[in-house]
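Structure, rendered in structure tokens:
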């Protein structure tokens, strides 16, 4: 087969027509057809010729009429054919094996056995030779228990072209071999699935045995002239197109198959989109219903002091109170430290004042006494010496006496009024102590305030903590908070879904599928018209040939026949109309 | 606060007269009776300066004194009730106002007493005499005698100057643990304190109040005393 994909000539016209019919740009048409494997096939395949030249087989079969099944006899058949029309007939008895001879020939040519099982089990050796165009070929095999094992041989060179073993394998080997030799492609088919329009069609490929069904006509296949007894998959039409040579036929089938697939996908996508929308609506409805229920539940709950809305405030209050309490504690610690330091100083001053007073008292006491001896040598102080002290001179060493040591006025024991320096120091110390005392009292007041503040802050913090604790553990508040959270959650879910599905408001994008379906449908229709136009001319010729052939074979009453492009044959005979099978039964 | 800096609560050195007051009461209350020998009009005597120094140490350091009383009770030298005296010394008699830490000398607590003794001697209240062989320069002892005028003035002091009478009373507490002991024994007992023994020469001997307080509490509880 050849193909013409150029934009010129019949192909270009076809593409333009498809574009016009589908209302799609030409480029889009090309892309869609290419992506779906639809190609314009305007020329006819070259005819091939198959001629059987020899058939041979032998084997063992039960003796006819024998009482036991173990009684066997050999049989053998050999027939060399030449060009011409041949007839196989039997004399005096039926069931002599006429059909078996034809079935054995067919078995070897197409790989698929139509033999009766018992006959196949009788066979031992089988050989069929034939020419395919100009090539001499042979199929030779041995049969064991009905199962073939053998090879396809090129007779001129003796080359083994293919080998097979078993029924299925033989069929596969002959399928590949013959399609290759005849340059045929598997027949593409598509059939609507029975479950519905959105289910992908059953597509398939019919291979060599389907083609080979056109090689013979038997009684069983009379119902349909072509197609091996099966009208499924439009096979008779395809075979008719093939063997009569209809251009555009394969293009039409390819477009048809692709269109069915795309249409199914499109329907499925539309169904899915519809289902999605329905599911989405159902989900939104369910969420809305749950939200209403949750709101109603919340409405029914008693109001509490600590609603969930204020929980945040309580956390905030606790945080603030905690910070304030910490601050107050810090202030308290500082005040206490300062207070303690002042108090330590005050105590020091108390000690100093005490020591100074004690020293002054001791000094005054001893000063009130009269010296009697020298402290160094115990020599008695004489009266004249003592008298010197009245003049301010030491009675012992003649040094000038400090005013406090003057004896003009002897102080009383327990008094310290005689020592102005000491008294001045003590007065200073007292003043300092008074200041310290004042400072301590001041800081003590601050400390007291700080203590109160800290205690209040601690109480506020505890109160805030208790309120929060209550808010988080109180059953009524907990129930209300949970209800509020449920409402909030559902509101969020609803909003989120509505927002998300807004983008999906339109169904899934089926535009590409729609475009492809339109293009493929148009391609199928255009190819179909071209194929039918071409086929009509051929069929008219064939109808005349069939009528002439029928009359030649003695059907004098035959007026005319009409073989349709759907492989249906209608016969007009003696003014009446008859079904094709009856006519052909006669012809057969 | 800076204005008061440098005035420690404890550690201010006592004046000459303050020391003279303590020594007068130590001689009056803790001196041995002077039955025979000694100078004319002598009524009491403390033999050896070492003993005088050690007694003064106990007078000036109430925490050490309280500790000595506790030890004496624990050793059976004093009845358990005396623990109350230890508590009075340590806690109730304003020890912080009367504590004067001493420096560590070569032979233990030591502070020159000459000037204070001169005050007493000059006024004819005491007499100091050398004892032992005068040719023996290595072992030379001084004995401190309280004379009758001294005894009289001690009496005057305790009755007329209540503020100073504290030392008179404190001498009685010291007497609980020190009466009859010689200086060497007193020194030995003081050396048992790590704080005392470990203080380098010329440095202040630190107090032990914080250590004695729990010891006293434990002893009181052990003896069932309130």
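Chains as they are written, first to last, in full-length UniProt numbering: chain A, 1 to 588; chain B, 1 to 226.
Even for Gly, the Cβ is constructed at its ideal location relative to N, Cα and C.
Predicted model, so just to flag it, every value in this text is computed and none were measured.
- Shown here, residue 259 of chain A sits in a helix according to DSSP, grouped into three states.
- Residue 46 of chain B has a beta carbon lying at 8 angstroms or more from every beta carbon in chain A.
- A distance below 8 angstroms between beta-carbons, with the five flanking residues on each side excluded, links residue 534 of chain A to the following residues of its chain, in chain order: 246, 247, 248.
- Segment contact: the stretch 42-54 of chain B against the stretch 185-201 of chain B, three or more CB-CB distances shorter than 8 angstroms; contact assigned.
- When the Cα atoms are used, residue 277 of chain A and residue 39 of chain A turn out to be separated by approximately 38 angstroms.
- DSSP places residue 59 of chain B outside any beta strand (DSSP E); the residue lies instead in the alpha helix (DSSP H), whose first and last residues are 49-60.
- Under the Cβ criterion of 8 angstroms, residue 155 of chain B is not counted among the residues facing chain A.
- Residues of the stretch 350-373 of chain A with a C-beta atom less than 8 angstroms from some C-beta of chain B are 350, 351, 352, 354, 355, 357, 358, 359, 361, 362, 363, 365, 366, 369, 370, 371, 372, 373, listed in chain order.
- Flagged as an interface residue toward chain A: residue 123 of chain B, by a C-beta distance shorter than 8 angstroms.
- Listed along chain A, no residue sits closer than 8 angstroms to residue 171 of chain B by beta-carbon distance, the nearest being about 15 angstroms off.
- Judged by DSSP in its simplified three-state form, residue 390 of chain A adopts helix.
- Segment contact: the stretch 55-70 of chain B against the stretch 392-402 of chain A, fewer than three CB-CB distances shorter than 8 angstroms; contact not assigned.
- Taking all protein chains in view, the Cβ of residue 61 of chain B is crowded by 16 or more other Cβ atoms within 10 Å, so the residue is classified as buried.
- The beta-carbon of residue 378 of chain A is placed less than 8 angstroms from the nearest beta-carbon of chain B.
- Between residue 138 of chain A and residue 127 of chain A, the CB-CB gap stays under 8 angstroms.
- Using a CB distance cut-off of 8 angstroms, residue 96 of chain B counts as an interface residue toward chain A.
- The beta carbons of residue 30 of chain B and residue 175 of chain B sit about 5 angstroms from each other, so the pair counts as a contact at 8 angstroms.
- Using a C-beta cut-off of 8 angstroms, the stretch 306-326 of chain A makes contact with the stretch 447-466 of chain A, since at least three inter-stretch Cβ pairs fall below that distance.
- Residue 164 of chain A and residue 266 of chain A have their alpha carbons spaced roughly 44 angstroms apart.
- Distance check between residue 10 of chain A and each of A/345, A/429, A/41 places A/41 closest, using alpha-carbon atoms only.
- For residue 375 of chain A, a Cβ of chain B is located within less than 8 angstroms of the residue's own Cβ.
- When Cβ-Cβ separations below 8 angstroms define contact, residue 201 of chain B makes no contact with chain A.
- DSSP, reduced to helix, strand and coil, places residue 572 of chain A within a strand of the structure shown.
- The stretch 40-52 of chain B makes no contact with the stretch 377-393 of chain A; the number of CB pairs closer than 8 angstroms stays below 3.
- Residue 141 of chain A sits in a strand when the DSSP states are folded into three classes.
- The three-state reading of DSSP puts residue 556 of chain A in coil, since its state is none of H, G, I, E or B.
- Following the DSSP letters along the chain, one finds residue 14 of chain A in no beta strand (DSSP E) but inside the alpha helix (DSSP H) bounded by residues 9-22.
- Annotation for residue 127 of chain B: the continuous beta strand (DSSP E) segment containing it runs 126-131.
- Listed as beta-bridge partners of residue 173 of chain B by DSSP are no residues whatsoever.
- Around the beta carbon of residue 33 of chain B, fewer than 16 other beta carbons sit within 10 angstroms, so the residue counts as exposed.
- Spanning the alpha carbons of residue 476 of chain A and residue 491 of chain A requires a straight line of approximately 22 angstroms.
- Excluding its 5 nearest sequence neighbours in each direction, residue 560 of chain A has C-beta neighbours in its own chain below 6 angstroms: 547, 572, listed in chain order.
- Cβ-Cβ distances below 6 angstroms link residue 354 of chain A to nothing in the same chain once the five nearest sequence neighbours on each side are left out.
- Closer than 8 angstroms to the CB of residue 15 of chain B there is at least one CB belonging to chain A.
- In the DSSP assignment, the residues bridged to residue 150 of chain A are A/141, A/164.
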